[in-house]
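In the numbering used here, the protein residues as written are 693 to 1136.
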């Protein structure tokens, strides 16, 4: 092997050492880059040169070169953020973003809302996900857009009741003796006449709140009558002349029925009669409205969500809910581990506004870096499989958090020292070969 070959071998050592230092420098430079994944240089020896010695043929190496530059996709530390749509992925996968033409993939979850409510990153690329209409997610992957408008009121259509009625109650017939048309007996009269009563707030089509009082009256033989009454002054009913004919706090029944229990106190029968079937009515200024009641059975005796029973002890409600709400302004956003984007409104409602998806690749190492903490799929990475976070091996979403760079500074310093010494040793090798060549020249 000639001295000139020795120079080339040492030069290759200088090249790989400088390349290694370049990779280390890139890692250290991106220590504070959110979602950055560190790289490492991988080297291999060049094809050796055949030589012949006294013992037969042998091989002498001819140096080293860059074999591969691998991105290390290990999990970075998570940092809490005050931005509700700053997102991190705990586990495998990438956020999918789009520039209007092509899809890119990133672990950097520094996202913002633009003026139109689109979720975008710093480069203005749109985060991909499923949009929601009236709280229901669509099935088409698209640019994720959050509706920033106030929500319209929802009319109450159902009241769900969980209660225990006193099995030792006696028949009084107090409520049955009243006229619940809003023009005669008052709400106070009705409540006093009932064996048990409880109120719940409902909403009309304008979002105006009204109190509905549910009255219970024991009718004997494990059977109860029930009545739902409202203030007749808030009701328009041309049949009874309301509201003009209404007395102050007059009790107007909007629905009534019966509930029958078996010998174990379990609801066995349920009937419901809507007042609108005979008297068309509405809350004044609002649309006509029927409110159905869920005690645990419907009128066809099919099980429902309510739970009304009859047992020994004082009657009590354990829960009474309704499905309406007033208008409300968006006050906060939150993203769950499942990627669901939920809006919290000033009326206390939480409504699904969309969902973030996660893309998973067969081989992350095959992705191509394109800058801006973005990656592009290649033949080596395989095609992305997009789906819900936390499913199919995809990581979960962490809201109000960012994934920091996964670069280990201590490790980089050690690698830097090693590369520096390697460079110095190869430089000394060049110097030695050069000095030897100079001695050879001086012999001539």
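All C-beta atoms, glycine included, are put in the ideal place defined by N, C-alpha and C.
| task | Figure out for me which residue from 774, 932, 903 has the closest Cα to the Cα of residue 923. | result | On the chain shown, position 231 is the one that residue 923 refers to. Ranking 774, 932, 903 by CA distance to the CA of residue 923 puts 903 first.
| Same chain, Cβ closer than 8 Å to residue 770, five either side skipped, listed in chain order | Here residue 770 is taken as the residue at index 78 of the chain shown, counted from 1. Sequence-distant Cβ neighbours of residue 770 in its own chain, meaning closer than 8 Å and more than five residues away, are 780, 782, 1090, 1093, 1094, 1095, 1096.
| message | Comparing C-alpha positions only, which one of 844, 901, 967, 764 sits nearest to residue 825? | response | To locate residue 825, count along the chain shown from 1; it is residue 133. The option with the nearest alpha carbon to residue 825 is 844.
| How should residue 1128 be labelled, buried or exposed, when 16 other C-beta atoms within 10 angstroms of its C-beta is the threshold for buried? | As a working mapping, residue 1128 is identified with position 436 in the chain shown. Residue 1128 comes out exposed.
| Any idea if residue 1083 is buried or exposed, counting beta-carbon neighbours within 10 angstroms, 16 or more meaning buried? | For the purposes of this step, residue 1083 is identified with residue 391 of the chain shown, where counting begins at 1. It counts as exposed.
| query | Between residue 761 and the rest of its own chain, which residues show a CB-CB distance below 8 Å, the 5 nearest in sequence each way excluded? | reply | Counted from its first residue, the chain shown places residue 761 at position 69. So the list reads 715, 731, 732, 733, 734, once near-sequence residues are dropped.
| message | Between which two residues does the alpha helix (DSSP H) holding residue 880 run? | response | Against the chain shown, residue 880 aligns to sequence position 188. Residue 880 -> alpha helix (DSSP H) spans 879-885.
| field | Helix, strand or coil at residue 847 [DSSP, three-state] | value | For the purposes of this step, residue 847 is taken as residue 155 along the chain shown, with counting starting at 1. When secondary structure is reduced to three states using DSSP, residue 847 falls in the coil class, being assigned neither helix nor strand.
| message | On the DSSP letters alone, give me the boundaries of the beta strand (DSSP E) that residue 1086 sits inside. | response | One-based indexing of the chain shown puts residue 1086 at position 394. Where residue 1086 is concerned, there is no enclosing beta strand (DSSP E), given that its DSSP letter is neither H nor E.
| Can you tell which of 894, 796, 736 has the C-alpha that lies nearest to the C-alpha of residue 1070? | Taking the chain shown and counting its residues from 1, one reaches residue 1070 at position 378. It is 796 whose Cα lies nearest to the Cα of residue 1070.
| message | I'd like to know whether the C-beta atoms of residue 871 and residue 1002 end up nearer to each other than 9 Å. | response | Looking up residue 871 in the chain shown gives position 179. Looking up residue 1002 in the chain shown gives position 310. Not closer than 9 Å, so no.
| Bridge partners - residue 803, DSSP secondary structure assignment | As a first step, residue 803 must be located in the chain shown, where it is residue number 111. BP columns for residue 803 are empty, so no partner.
| Which runs of the beta strand (DSSP E) fall wholly inside the segment 956-1033 and span at least 3 residues, in chain order? | The beta strand (DSSP E) runs of length 3 or more contained entirely in the segment 956-1033 are, from start to end of the chain, 959-966, 984-986, 999-1003, 1008-1014, 1022-1027.
| request: Output the distance between the C-alpha atoms of residue 1076 and residue 1109, rounded to the nearest integer angstrom. | output: Numbered from 1 along the chain shown, position 384 holds the residue referred to as residue 1076. Numbered from 1 along the chain shown, position 417 holds the residue referred to as residue 1109. Whole-angstrom Cα-Cα distance: 38 Å.
| Does the count of Cβ pairs from the segment 1028-1044 and the segment 914-922 closer than 8 Å reach three? | In short, these stretches do not touch, since the Cβ pair count stays below three.
| Which term fits residue 1118, buried or exposed, when burial requires 16 or more other beta carbons within 10 angstroms of its beta carbon? | Taking the chain shown and counting its residues from 1, one reaches residue 1118 at position 426. Counting Cβ neighbours within 10 Å, residue 1118 comes out buried, since at least 16 surround it.
| request: Verify whether the separation of the beta carbon atoms of residue 886 and residue 865 is less than 9 Å. | output: As a first step, residue 886 must be located in the chain shown, where it is residue number 194. As a first step, residue 865 must be located in the chain shown, where it is residue number 173. Not in contact: residue 886 and residue 865 (Cβ atoms no closer than 9 Å).
| query | For residue 983 versus residue 860, is the C-beta distance shorter than 9 Å? | reply | Position 291 of the chain shown holds residue 983. Position 168 of the chain shown holds residue 860. Not a contact, by the Cβ cut-off of 9 Å.
| query | Going by the CB atoms, is the gap between residue 833 and residue 1049 shorter than 9 Å? | reply | Along the chain shown, one-based indexing puts residue 1049 at 357. Along the chain shown, one-based indexing puts residue 833 at 141. Between residue 1049 and residue 833, the C-beta spacing is below 9 Å.
| query | How big is the Cα-Cα spacing for residue 765 and residue 807? | reply | In the chain shown, residue 765 corresponds to position 73, counting from 1. In the chain shown, residue 807 corresponds to position 115, counting from 1. If you take the alpha carbons of residue 765 and residue 807, they lie about 33 Å apart.
| What does residue 929 pair with, by DSSP beta-bridge criteria? | Position 237 of the chain shown, counted from the first residue, corresponds to residue 929. Note: residue 929 is bridge-paired with 934 in the DSSP secondary-structure output.
| query | According to the neighbour-count rule (16 or more other Cβ atoms, all chains shown, within 10 Å of its Cβ), is residue 892 buried or exposed? | reply | Your numbering for residue 892 matches position 200 in the chain shown. By the C-beta density criterion, residue 892 is buried, having at least 16 other C-beta atoms within 10 angstroms.
| field | Neighbour-count burial assignment, residue 986, 16 or more Cβ in a 10 Å radius | value | Reading the chain shown from its first residue, position 294 is the one you call residue 986. Buried, by the Cβ-count rule.
| Is residue 972 near residue 980, with beta carbons less than 9 Å apart? | For the purposes of this step, residue 972 is identified with residue 280 of the chain shown, where counting begins at 1. For the purposes of this step, residue 980 is identified with residue 288 of the chain shown, where counting begins at 1. Closer than 9 Å, so yes.
| Do the segment 797-805 and the segment 813-827 meet, that is, are 3 or more Cβ pairs less than 8 Å apart? | Note that the segment 797-805 touches the segment 813-827; at least 3 beta-carbon pairs, one per stretch, sit closer than 8 Å.
| field | Residue closest to residue 901, alpha-carbon to alpha-carbon, out of 721, 798, 977 | value | Here the question's residue 901 lines up with position 209 in the chain shown. Among 721, 798, 977, the Cα nearest to that of residue 901 is on 977.
| request: Give me whichever residues DSSP pairs with residue 1060 in a beta bridge. | output: For the purposes of this step, residue 1060 is taken as the residue at position 368 of the chain shown. When beta bridges are read from the DSSP output, residue 1060 appears opposite 1068.
| message | Our contact map puts residue 840 next to residue 809 with C-beta atoms below 8 Å; I'd like the distance itself, whole angstroms only. | response | By 1-based counting over the chain shown, the position of residue 840 is 148. By 1-based counting over the chain shown, the position of residue 809 is 117. The distance from the Cβ of residue 840 to that of residue 809 is about 5 Å, consistent with a contact at the 8 Å cut-off.
| Tell me which same chain residues have a C-beta within less than 7 Å of the C-beta of residue 1055, skipping the five on either side of it? | The sequence position of residue 1055 within the chain shown is 363, counting from 1. If we look at residue 1055 and ignore the five residues flanking it on each side, its Cβ neighbours are 1072, 1073, 1074.
| task | Given a cut-off of 9 Å, decide if residue 943 and residue 882 are closer than it, judged by their beta-carbon atoms. | result | The residue labelled residue 882 in the question sits at position 190 within the chain shown. The residue labelled residue 943 in the question sits at position 251 within the chain shown. Yes. Within cutoff.
| residue 1035 - partner residues in DSSP beta bridges | Working through the chain shown from its first residue, we reach residue 1035 at position 343. Looking at the DSSP output, residue 1035 sits in a beta bridge with 1025, 1043.
| said: Restricting to Cα atoms, I'd like to know which of 1017, 1014, 1041, 1051 is closest to residue 1026. | reply: Position 334 of the chain shown holds residue 1026. Taking only the C-alpha atoms, the option nearest residue 1026 is 1041.
| field | Sequence-distant residues of its chain with Cβ nearer than 7 Å to residue 975 (five each side left out) | value | As a working mapping, residue 975 is identified with position 283 in the chain shown. Counting only Cβ-Cβ distances below 7 Å, and skipping sequence neighbours, we find 896, 900, 902, 926, 927, 981.
| task | Measure the C-alpha to C-alpha separation of residue 945 and residue 873 and round it to an integer number of angstroms. | result | To locate residue 945, count along the chain shown from 1; it is residue 253. To locate residue 873, count along the chain shown from 1; it is residue 181. Taking the Cα positions, residue 945 is about 6 Å away from residue 873.
| task | Please state whether DSSP places residue 1118 in a helix, a strand or coil. | result | Here residue 1118 refers to the residue found at position 426 when the chain shown is read from its first residue. Residue 1118 falls in the helix class under three-state DSSP.
| Closest by C-alpha distance to residue 1099, when choosing among 711, 776, 736, 721 | Residue numbering aside, residue 1099 sits at position 407 when the chain shown is read from its first letter. Ranked by Cα distance from residue 1099, the options 711, 776, 736, 721 are led by 721.
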